[in-house]
Structure formats: C-alpha cells, structure tokens
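Notes follow the structure.
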Amino acid sequence: MKDASHIQPAEEVVIAPAKASGFTSFLRAEGERVELLLSTLRRLGHIGKRSRLIYEQMFLSGIQTLHVVLLVGLFIGMIVSLQTGIELAKLGQQDQIGTIVAISMAREMGPFITATILAATVGSAIAAELGTMSVSNELDALEVMSIDRLSLLVLPRLVGLALIAPLLTLVCDTIGIIGGAFVAQAQLNVGYEMYLTSAIDALRPTGLLLNVPKDLYAGLLKALVFGVMIATIACNEGFKAKGGALGVGRATRASVRDAIIGVIVINYFMTWFMYQA
Amino acid sequence: MSAPSNNTAPVIRFSDVHKSFGEKKILAGFSMELEKGQTLAIMGPSGVGKSVTLKHAIGILTPDAGSVEVFGQEISKATRKELAEMRKRMGYVFQEGALINWLSVGDNVALPLRENTDLKEDEIRERVQRRLELVHIPDAWELMPSEISGGMKKRVGIARALITDPELILYDEPNAGLDPEIARSINALIRELQERLGVSSLVVEHRIDCIRTVADEVLFLDGGKAVVQAKPEEFFNSSHPRLARFFGKDSA
Ligand SMILES: Nc1ncnc2c1ncn2[C@@H]1O[C@H](COP(=O)(O)OP(=O)(O)O)[C@@H](O)[C@H]1O
Ligand SMILES: [Mg+2]
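Protein sequence lines correspond, in order, to chains A and B. Under my numbering, the residues of the first sequence are numbered 1 to 277, in order. Under my numbering, the residues of the second sequence are numbered 1001 to 1252, in order.
Below, the structure written as structure tokens:
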C-alpha cells in the first residue's frame, strides 16, 4: 500500500499497482471484486434506505433490456426447437420437443442469455456511470463528505440487478418456449397442445420452495448469482477508471468482457453443484 | 480528541512532505502552516501540485514521506472513524465542482445532510436553500449539473462544502471561470466566513485581486516546495526572482 497513489476510502477497494505478472494481477483483480462484494453485502441492512435507488435500477435495467431479451429469447427457443426437432423426428420422438425446449430454456438458455444481455447493456452502463464519476472527482467528493459509496452506489445496483435478472430470465424462458412452439407447429408438425403438454410436464413441481420446478428455480438462482456478479464487476471496474474518457471506455470494455467470462465459468460450477452434487 | 490539540496549534501543518506519482515528483519537502482563523492562498504554475496539496490536507492522498497534521492530528495515521470526524469539520471545494452528476443542484447540496444526519426534510430544504442564496443561485435547486455552466457548478460546490458549517475550508480555484462580478462576491463570501465565523481557509488561487481581498498570507509553490510565503503586500512587491518570472516582471 505504500505507493498507492490513490488511497481509497474503503478498506475494501484497493487499487492494484500497475506492474504485476498476468496471473498475479488476475488474482488481485478477482480478490478485489470478492472484497467489494463482501463489503457491499455487509450493507444489506441499508436496503430500506436505498429502496428508491434499487427500484430505479431495476426499472432502468428492465427498460434497457426487455426488448432484447424478448427478441433473443424468442429466437433461441426457435433454434433449440428446430435443432432438436429435426433429430427427434428421425427417431419418431417429436412429442418430446416441448420437454427439451422447456428444460434447456429454464436450466441454461434463459439465465445465460439474459445474463449476457445484462452484462452487455446494463453492466456496461454501470461501469460507464461509475467510471465517469471516478474520473470527474465525484468519488473523491463523496469520500471527503464521508459518504459511503458502497451503500450509495454499489448496493442499489447490486440488489437491483440481483432482482431484475431472475425476472428477465422468467420472461426469456417463457418467450423461448413460445418461440419453440411456433417452430414445432409450423415446421415440425407438432401441435401446440402436444408441445405445451410436454413442456409443462417437463417442469415438474418439486414440492419445495413454493412448489417451483427444480429446473426453473435452478435457472432463476443462476440468474440471481449472475446479476450479482455482473453488478460487482461493473462497479469495481468503474471505480478503478482513471484518465478521462479513455479510462471510462477501458473500464466499460473490461467490465463487459469479464462479466461474460464470469457468467460462463460460474454457470458451469453452478450446474455441477445443482445437478450432480 | 486524543491527539495534542491545544489552541495555539496550527489548523494545518505540512512538515517536509514528499509525494510522487510514479517517476513524477510532485511534492519534495513541502512545509507550511495555516493558523486558526487565517486564510492562506496558494499560488503556483499549472500542474505544480496545488490540487495535490489540498488533497493531502483532507486525506484523499497520503504523503510518501513527511507528515500532514490537521486539527493537531496526523491525518494519514487517523482511523477511518477519526478521519470521518475530522472531515466533518472540513469543507472541500473541488476544482471542477465534482457535483454528483445524477443529482440535481439542490440534492447535491443536501446530500451530506441526507446521508450523515437525521435532520427532517423540511430542515434540510431550508438549510440548502440558505446556502444556495449565499452563493447567489437561489433558484437553481431543480437544475441538473449537466444543465449549468462551469462557474455555476463551482458555486454549487461551494454551497455543498458549506452545508455542514465547517471550521476549515479548502478551496481549489474557487474563482477560475467566474465572471468578475460573481468572483468578487465569492471573495466577499470567503472573507465573510472568516470574519464572522472564524473559519480557516486554504485557497488555491491565481487572481491577484482575489488574493488581495481574501488572503492573510500567500504561498508560492514550485518545484515541490514552498518558495515564498508572505503577506500579500510583501508577496506582490517581492523581488524574489521566481516570483518576478511568474508575474512577468523580470526586466529581460
Ligand atoms: N492521483 C494522481 N495520480 C497520478 N498523477 C496525479 C494524480 N493527481 C495529480 N497527479 C499529477 O500531479 C501533477 C500535479 O497535479 P495538480 O495538483 O492537479 O496540479 P495543479 O497545481 O494545477 O492543481 C499533475 O501532473 C498531475 O498529472
Ligand atoms: Mg489544480
């Protein structure tokens, strides 16, 4: 910390010195993000005080992404339906199309697609906002006024994304299943009724957690984790931005790239824990 | 206060402060003192480290070597809580205003009260309105930072710094970019805060007229050190070669 030219308020956000090998700087960046996340989680008690900001974040995120989620979700459902439908038809098993589309949307496609869209739109916007605040001394201003930036800036974004991601995922799942139905009906000669029966059948209630089907809640849980991760990475990159507009651009890029990588990696481990363990 | 804070101690004391960013040495043995109730102006070429000096005084930056004491306590050794206590007694006017860009003017000024006090909304609104009037922008509450001029941002920054009634105010070029009339009223305000409330001020400032109005002493910062520190009269009449060069008075 001796040469930290940028002494930060927080115990939590330590700015990495520039020179370090690739691997150590990777570890340090991840460590910073984990610390930012944990310190923010310690402020969960401020949720009430920040409810308006949280609501705004959810609303904005929803508005910014809903049309994209609808469009992409629709086509993903259509693709899954078509791809599997062609193979299933060879085996005479078209009646299973609904099952496969429903399960792959709920488990994998819905959360993954939604998270990718959130990372690219909302994540980048967060990194740009906070990056702009950083390069225009606004974070220093908060610091000298003893205002807790984790509570004011990070918490609402983190909670907002954690809540909106599952909601959007639900939308994505639904529209994907509908898209699959169109394709099944039009191109694969599987009627809506058969498709939907098998789709609904696939998402069997568990008797757990309000009777939500496991595939559905596993997917929504993934979405929640992705939302938290996207917000954490975006806030962290934004805070680190230095050097004017160029720095803001760099922060935005890093945030989108790392969030998408993170979504993929965490997706694997969550799938593993939830379906194998 | 645990640290020695007898009444005669200076409000700010820099002792042999060194600070570099990478290879770039900014402060190299900088020392100065600001007495309670006094206004000290800092002058110097652009990029010499005036803003860096102010940031040390409020603990956003910490020295590589040497010490910075504020209210008799070494700021880099303060715990987070002590630091927050010290900063409550200080106001900081940023060079570019540093207003929170997604809050309106009024909400910017209200922010420290909303975040750190339990005051009622009516009380907050009234206090904020008084500060906005003090800096001559009584009708600006609803405007967003992106809608106002640089000079106005600066005045909002001043209003925000004043909202907690600080004992010590650090101004980073409060008059740059303001028209002469507003600049005069800002100067009068700085002076008034000092005379009426005994506020101590550290002001980074270029304008000679401003310095003559507000400053009890002027310090010239160059090469990382305080080159000259003197009363304005002596300062502007000084025959120090570095000052002569800065003011373009050298008979070349
Ligand atoms: N946080 C920082 N990191 C790296 N360099 C900095 C930082 N803050 C200031 N500097 C550099 O220090 C020098 C002095 O800056 P500053 O104090 O803003 O000058 P001025 O006297 O004009 O206010 C500049 O060259 C600036 O680039
Ligand atoms: Mg400056």
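Cβ coordinates follow ideal geometry from the N, Cα and C atoms, glycine included. It should be emphasised that the depicted structure is a prediction, and the values quoted were computed from it without experimental measurement.
Around the CB of E1173 (chain B), 16 or more other CB atoms lie within 10 Å, so the residue is classed as buried. In the structure shown, the three-state DSSP call for T169 (chain A) is helix. Taken from the Cβ of S1051 (chain B), at least one heavy atom of ligand 1 lies inside 7 Å.
Not one beta carbon of chain A lies nearer than 8 Å to the beta carbon of E1033 (chain B). A223 (chain A) and A115 (chain A) do touch by the CB rule: their CB atoms are close to 7 Å apart, below 8 Å. The DSSP-derived three-state label of Q1229 (chain B) is strand. For the pair A184 (chain A) and L118 (chain A), the Cα-to-Cα distance works out to about 29 Å.
Residue contact check for S134 (chain A) against chain B: no CB pair falls below 8 Å. A distance below 6 Å between beta-carbons, with the five flanking residues on each side excluded, links I175 (chain A) to the following residues of its chain, in chain order: L70, G73 and L74. For N236 (chain A), the number of other beta carbons within 10 angstroms of its own is at least 16, and it is reported as buried.
Not a single CB atom of chain B sits nearer than 8 Å to the CB of M58 (chain A). Taking a 10 Å sphere around the C-beta of L91 (chain A), we find fewer than 16 other C-beta atoms and assign the residue as exposed. Residue environment analysis places T1117 (chain B) among the exposed positions, since fewer than 16 neighbouring C-beta atoms fall within 10 angstroms of its C-beta.
With a threshold of 7 Å, the Cβ atom of I1211 (chain B) does not count as near ligand 1, since no heavy atom of the ligand is closer than that. In this structure, ligand 1 has a non-hydrogen atom nearer than 7 Å to the beta-carbon of K1024 (chain B). The beta carbon of D140 (chain A) falls within 8 Å of a beta carbon belonging to chain B, placing the residue at that interface. What E1142 (chain B) touches in chain A, judged by beta-carbon distance under 8 Å, is nothing: the nearest beta carbon there is about 18 Å away. Contact note: V144 (chain A) reaches chain B through I1058, I1060, R1087 and Y1092, using a C-beta cutoff of 7 Å and chain order. About 29 Å separates the beta carbon of E108 (chain A) from that of G238 (chain A), a gap too long to meet the 8 Å contact definition.
The beta carbon of S151 (chain A) is closer than 6 Å to those of R43 and H46 in its chain, skipping five residues each way along the sequence. Each residue's CA atom was taken as its position, placing I97 (chain A) and A1110 (chain B) some 59 Å apart.
Non-local beta-carbon contacts of G1150 (chain B) in its own chain, meaning distances under 8 Å to residues more than five positions away in sequence, involve E1096, G1097 and G1177 in chain order.
Taking 9 Å as the upper bound on Cβ-Cβ separation, chain A lies near no residue of the region 1174-1198 of chain B. Neighbours of I126 (chain A) across chain B, judged by C-beta separation under 8 Å, do not exist; the nearest C-beta is about 12 Å away. Annotated three-state conformation of H1018 (chain B) is strand, per DSSP. Here Q1073 (chain B) is buried. Its C-beta has 16 or more other C-beta atoms within 10 Å. Around the beta carbon of A141 (chain A), a 10 Å sphere encloses 16 or more other beta carbons of the protein chains shown; the residue is thus reported as buried. Distances from the CB of V1128 (chain B) to the heavy atoms of ligand 1 are all 7 Å or more. M1144 (chain B): not part of any beta strand (DSSP E); DSSP gives it neither H nor E. Within chain B, the C-beta atoms nearer than 8 Å to that of I147 (chain A) come from L1111, P1112, E1115 and N1116, in chain order. Counting C-beta pairs with one atom in each stretch, the region 80-91 of chain A and the region 24-35 of chain A have fewer than three that are closer than 8 Å, which means they do not touch. Chain B has no Cβ within less than 8 Å of the Cβ of N189 (chain A).
Interface criterion met: the Cβ of I1100 (chain B) is under 8 Å from a Cβ in chain A.
Taking C-beta atoms as the reference points, G227 (chain A) and I164 (chain A) count as a pair closer than 8 Å.
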